[in-house]
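K.L.:
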Amino acid sequence: MARGRPSKKQQILDSARALFIERGYQGTTVDLVVQQAGVSKPTVYSHFASKQVLWQAMLEQTIEAAEQQRNAIDAAVDDWLGAILEAYRLLAAQPEMLAVYRIMLGERHKMESGAWQLFDTFEQGLERWCGSVLEAHQAGLDDGQRFVLRALCREGILQPAMRDQEGPDTVRLRALIARAVGVLA
C-alpha cells in the first residue's frame, strides 16, 4: 500500500460516510458503498458484516472526532455559555454529525442496540462535558437550568441546522438562554 493512501477499510468507511450524509441510512445500500469505494462486495463484507456494522463503525469515528473538537474548546473560550454554544455550533457545522442526528432520531426503528449505545454514550459525554464547563466556570446552574440550557442549544442550533435553516444569531441565543436560565434561578 502506498504511503498516505487510506486503507481499504478506511476507503469503505469514507464512502459510506458520504452516502449516509447524502442519502440517510435507508437510502444507503452496500451496493452503493461498493460502487463509490471502488471495491468488491466481498471486500466490504470482509471488513463489515452488515450495513449496520458499517454504520456503527462510521458512528464511532464521527463521535470520536466530535469529542476531540469539543475538548479543544476549553482552552479557546473564556465563558461557560460561549464554550457550550461553540460546542453545539461545531456539531451543527459538521455534515456527518447532522447526519448522525438525522439518522438516529429519524430512522431509530432501524437501529440495533449497539448504535443506540454509541449514540447514548456520545450524548452523555456531551452532557458531562457541559457539566464540567459549568463547574469550571462556577456557573452554579441546577439540574433544571442545565436541562433548559441543553434544550435551547439543541432547538436553537442543532434543529435548524438539521432542517437546513438559519438558527438565531449568537447574541439572540445568548440572551434567550440567559433569560430562560435566569427565570429558573
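Here the sequence shown stands for residues 0 to 184, numbered as in numbering that gives the first Met the number 0.
Just so you know, even glycine gets a beta-carbon here, dropped at the ideal spot from N, CA and C.
#1: With burial defined as no fewer than 16 other Cβ atoms inside 10 Å of the residue's Cβ, what is the status of residue 49: buried or exposed?
#2: In chain order, what residues of the same chain lie with their CB nearer than 7 Å to the CB of residue 62, ignoring the 5 residues before and after it?
#3: Quick one: give me the first and last residue of the alpha helix (DSSP H) that residue 19 is part of.
#4: Residue 165 lies in the alpha helix (DSSP H); which residues open and close that run?
#5: Roughly how many angstroms separate the alpha carbons of residue 110 and residue 26, rounded to a whole number?
#6: For residue 102, which residues from the same chain have a beta carbon less than 7 Å from its beta carbon, with the 5 sequence-adjacent residues on both sides left out?
#7: Within a Cβ cutoff of 7 Å, which residues of the same chain sit near residue 179, ignoring the five residues on either side of it in sequence?
#8: State the CB to CB distance for the pair residue 32 and residue 39, rounded to an integer number of angstroms; the pair is presumed to be in contact (CB under 8 Å).
P.N.:
Judging by the given coordinates:
#1: So residue 49 counts as exposed.
#2: Correct list, in chain order: 117 and 121.
#3: For residue 19, the enclosing alpha helix (DSSP H) has its first and last residue at 7-22.
#4: For residue 165, no alpha helix (DSSP H) encloses it, and the DSSP letter there is neither H nor E.
#5: The alpha-carbon atoms of residue 110 and residue 26 are separated by roughly 14 Å.
#6: Apart from sequence neighbours up to five positions away, the residues of its chain that approach residue 102 with a beta-carbon distance below 7 Å are 19, 23 and 24, ordered along the chain.
#7: These residues qualify, in order along the chain: 147 and 151.
#8: Contact doesn't hold; Cβ gap of about 11 Å is too wide.
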